[in-house]
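A.B. asks: Chains as they are written, first to last, in the numbering used here: chain A, 149 to 357; chain B, 286 to 827. The structure follows.
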């Protein structure tokens, strides 16, 4: 393994610990980042429970269930990839990272299909919301604002994650990881799981309320 | 003097300023010391931009009529001044310049944990700054630095999306800097550098970094939602859809109140170093001062509602926020008392950094105590949105943070540049700044108390006297700021060469050459004593 330790660290262990510690702090900032939107959601949910129920009815819970399953499976393959990296097996690492990426792409395809459906049914707040004619249309539009903001933010994180996974896939192909050095794989794994967990909260809040 | 350790100084090692030169070598550097210099140059630029806006504001306010600029321009001026100074000068000031330069050296490391991330932070900062400047070139923003909705999201026709995008990007620079500092302090300490051997400068940056990583993302998402509302109509704060503009205020102050502690805690860390060095004593109650930083960071998250006493939030919420705001005064006062106790029976000398430090203690105390007036529910109803608030805020931010920043720049200048600054000139400008500052902002307490509202370009004629005093003070203050800029630049080329430890101070940064070599330490040092290990002043006398 050539020079995977950088000159300002004394040991590889110190370097790996720093990387993982830094990732956890980054995830803490992400929690606060999403937290502000979740908090705002909760405030309005308390104010407009009926509109929230009507709004969730506009979304396809069946499709979201499938998407949830896809994403959870991708977390499994990601975890298997990390395990392979820890054992220093580069080919199962690459296979699992590739699978994770494919599942991630499938999730995004389904997500954008859902956006397309909303646009088709004129349910896009701020643009054309004439598709909804029921009670308290303004509040329902507010709900759909949250829907687009939250799932959009999540999709953005997925896209970033796919880019990171592609990097890992290339690095693994060049034989950059072994039993001693695999901190990037673990960190990207943590990020991927975090993005999944965000969806685990979004799913009930936007589809099942 | 008992140096904690001494590097084997067999051969003078090449300084970080030598070696590769040329603009490109600086733009791709991952040396924390060079990145600190990059930040120093950038924030000085933004300080001048924000300062120029302040100067125009003060000149406009010399007369009661709106004669220099019209109301619309005036709104854009104070927004520019506020937004640029807060996000592009005060928040990055001490952390990114002195924190970057000193934290690795103070804990005996070769660099921050993530040097490339550190460089990325600077690029993000500069990108954010440029986007903010685009907003200014497009005519500026008229919402005030607080961007209250629905004015910012619906009604304002100024370049709001540009400015909030700039701040959003710069926010990620803050987050990454905080993340880098926390990780570095956890994992990069030299052998023997236990938590309670850390210099208080490092403790205060640790507390600051916690706020940076936990509060900044909330601002980022909030401003992103405002921009989305303005650009594509997602109506999270839109009253027409049942959205609540007050929610914006809650989210904004959830960041922006802790942010004022981002803007003062690093200053407090600097003062602890200066007071110990120039009174030749160990800091009184080290542990208390260290934990006071953490306490301020913690309480800082729980008091945001005191900005909203008259906004219509629940009276019970206001009572709780008021009480919690009083609690913040406790750790702040602990620091002031401990600094004062450190001075007691010390062998004090009044070099320029010490003048700034003493000035800080006085000005911060005035700023802090007037904060308690504002935290008092009844008093705040009278003082809210008057010049009293402006004066209070500037006593902390300018009297506190800018004073600490200048003190720090002078104190560590020999280390950073390898040159001594002219001492007499330094002392003169420190006194000039102190006098100019008080003349500028003390009258504003009186103006506010008498009822002059903030953010107006015209005012009642009977307020003029105090406003003229304030403007005169601002001119002195401006001169006081230009002086160091000139003589520090001069000394960088022509100053007397600085020894490794010109102040006879403790701390690892004084054990290595001035300016430090690229990798700071050839061999990782081992720390064997607590910080500020000065022989007791009284023992020295006897």
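Where a beta carbon is used, it is the ideal one built from N, C-alpha and C, also for glycine. For clarity, every value in this text was computed on a predicted model and none was experimentally measured.
Could you pull out every residue in the same chain whose Cβ sits closer than 6 Å to the Cβ of residue 526 (chain B), ignoring the five residues on either side in sequence?
C.D. replies: 520
A.B. asks: With a threshold of 7 Å on Cβ separation, who are the neighbours of residue 682 (chain B) within its own chain once the five nearest residues in sequence on each side are excluded?
C.D. replies: 375 and 548
A.B. asks: One question on the structure: do residue 463 (chain B) and residue 498 (chain B) come within less than 9 Å of each other, judged by their Cβ atoms?
C.D. replies: Taking 9 Å as the Cβ cut-off, residue 463 (chain B) and residue 498 (chain B) qualify as a contacting pair.
A.B. asks: Does residue 653 (chain B) come within less than 9 Å of chain A when only Cβ atoms are used?
C.D. replies: no
A.B. asks: Thinking C-beta only, is residue 223 (chain A) closer than 9 Å to residue 340 (chain A)?
C.D. replies: yes
A.B. asks: State yes or no: is the C-beta of residue 703 (chain B) within less than 9 Å of the C-beta of residue 800 (chain B)?
C.D. replies: yes
A.B. asks: Would you call the stretch 648-660 of chain B in contact with the stretch 669-684 of chain B, where contact means no fewer than 3 C-beta pairs closer than 8 Å?
C.D. replies: yes
A.B. asks: What's the C-alpha gap between residue 644 (chain B) and residue 299 (chain A)?
C.D. replies: In a straight line, the C-alpha of residue 644 (chain B) is about 51 Å away from that of residue 299 (chain A).
A.B. asks: What are the start and end residues of the alpha helix (DSSP H) that includes residue 621 (chain B)?
C.D. replies: For residue 621 (chain B), the uninterrupted alpha helix (DSSP H) segment begins and ends at 600-628.
A.B. asks: Enumerated in chain order, which unbroken segments of the alpha helix (DSSP H) with a length of 4 residues or greater are wholly contained in the stretch 571-601 of chain B?
C.D. replies: 571-585
A.B. asks: Within the 9 Å Cβ cut-off, does residue 809 (chain B) reach chain A?
C.D. replies: yes
A.B. asks: Are the beta-carbon atoms of residue 501 (chain B) and residue 437 (chain B) separated by less than 9 Å?
C.D. replies: no
A.B. asks: Leaving out five residues on either side along the sequence, give the residues of the same chain with a beta carbon under 8 Å from the beta carbon of residue 315 (chain B).
C.D. replies: 396, 400, 401, 403 and 404
A.B. asks: Would you say residue 410 (chain B) lies against chain A (beta-carbon separation less than 9 Å)?
C.D. replies: no
A.B. asks: What residues from chain B crowd round residue 281 (chain A), counting only those whose CB sits closer than 8 Å?
C.D. replies: Simply none; closest approach about 16 Å.
A.B. asks: Please determine, among B:718, B:748, B:597 and B:583, the residue with the shortest C-alpha to C-alpha distance to residue 495 (chain B).
C.D. replies: B:583
A.B. asks: When you compare the CB of residue 373 (chain A) with every CB in chain B, is at least one pair closer than 9 Å?
C.D. replies: No answer is possible for residue 373 (chain A): the residues shown for chain A start at 149 and end at 357.
A.B. asks: Residue 529 (chain B) by DSSP, collapsed to three states: which one?
C.D. replies: coil
A.B. asks: So within the stretch 715-742 of chain B, which uninterrupted beta strand (DSSP E) runs reach at least 3 residues, ignoring any that extend past its ends?
C.D. replies: Qualifying beta strand (DSSP E) stretches: none in this window.
A.B. asks: Check whether the Cβ of residue 518 (chain B) lies closer than 9 Å to any Cβ atom in chain A.
C.D. replies: Yes - at least one Cβ of chain A is within 9 Å of the one on residue 518 (chain B).
A.B. asks: Give a yes or no on whether the minimum CB-CB distance between residue 307 (chain A) and chain B is below 9 Å.
C.D. replies: no
A.B. asks: Find the residues of chain A that neighbour residue 244 (chain B), judging by a C-beta separation of less than 8 Å, and give them in chain order.
C.D. replies: Chain B is shown from 286 up to 827; residue 244 (chain B) falls before or after that span and cannot be answered.
A.B. asks: Just by C-beta distance, which residues in the stretch 464-482 of chain B are closer than 9 Å to chain A?
C.D. replies: 464, 465, 467, 468, 469, 471, 472 and 473
A.B. asks: Where does residue 507 (chain B) land, buried or exposed, given buried means 16+ other C-beta within 10 angstroms?
C.D. replies: Around the beta carbon of residue 507 (chain B), a 10 Å sphere encloses 16 or more other beta carbons of the protein chains shown; the residue is thus reported as buried.
A.B. asks: Is there a Cβ from chain B that is less than 9 Å from the Cβ of residue 173 (chain A)?
C.D. replies: So, interface residue.
A.B. asks: I'd like to know whether the C-beta atoms of residue 538 (chain B) and residue 452 (chain B) end up nearer to each other than 9 Å.
C.D. replies: no
A.B. asks: Note down, in chain order, every chain B residue with its Cβ under 7 Å from the Cβ of residue 320 (chain A).
C.D. replies: Result: empty, since nearest Cβ-Cβ is about 21 Å, beyond 7 Å.
A.B. asks: Using the C-alpha atoms, what's the distance from residue 408 (chain B) back to residue 312 (chain B)?
C.D. replies: 9 Å
A.B. asks: Would you tell me roughly how many angstroms separate the C-alpha atoms of residue 288 (chain A) and residue 278 (chain A), rounded to the nearest one?
C.D. replies: 11 Å
A.B. asks: Mark residue 698 (chain B) as exposed unless 16 or more other C-beta atoms lie within 10 angstroms of its C-beta, in which case mark it buried.
C.D. replies: buried
A.B. asks: Would you kindly work out how many angstroms separate the C-alpha atoms of residue 350 (chain A) and residue 444 (chain B), rounded to a whole number?
C.D. replies: 33 Å
A.B. asks: Could you give the distance in angstroms between the alpha-carbon of residue 493 (chain B) and the alpha-carbon of residue 550 (chain B)?
C.D. replies: 6 Å
A.B. asks: What are the start and end residues of each continuous alpha helix (DSSP H) run of 4 or more residues lying completely inside the stretch 300-358 of chain B, in chain order?
C.D. replies: Those alpha helix (DSSP H) runs which fall completely within the stretch 300-358 of chain B and span 4+ residues are 308-312 and 317-345.
A.B. asks: At least one CB of chain B closer than 9 Å to the CB of residue 205 (chain A): is that the case?
C.D. replies: no
A.B. asks: Please check if any C-beta of chain A sits within less than 9 Å of the C-beta of residue 794 (chain B).
C.D. replies: no
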